[in-house]
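Residue numbers (the UniProt record's numbering): 1 to 73.
From the three backbone atoms N, C-alpha and C, an ideal C-beta is built for every residue, glycine too.
Source: prediction; values computed, not measured.
Reading through the structure tokens given below for one structure.
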């Protein structure tokens, strides 16, 4: 299985939207449109991925706080 395949296939569209949202926040969206993701530097792609992870962790923490002990069941 590819490392780039989401664990939940239904989330692929949301993950792509998040990637573009983060790229825009980092002001990399214009570069991506010009060069494409394949031609971005490792640093640029790492910045996008790192910020995506931060946002996903924040989202998960909020969900866990709202769900309480129900999330474990």
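- In this structure, residue 18 lies near residue 56, with their beta-carbon atoms less than 9 Å apart.
- Residue 12 and residue 4 have their alpha carbons spaced roughly 10 Å apart.
- Residue 6 sits in coil when the DSSP states are folded into three classes, being neither helix nor strand.
- Distance between residue 66 and residue 58, taken at the CA atoms: about 12 Å.
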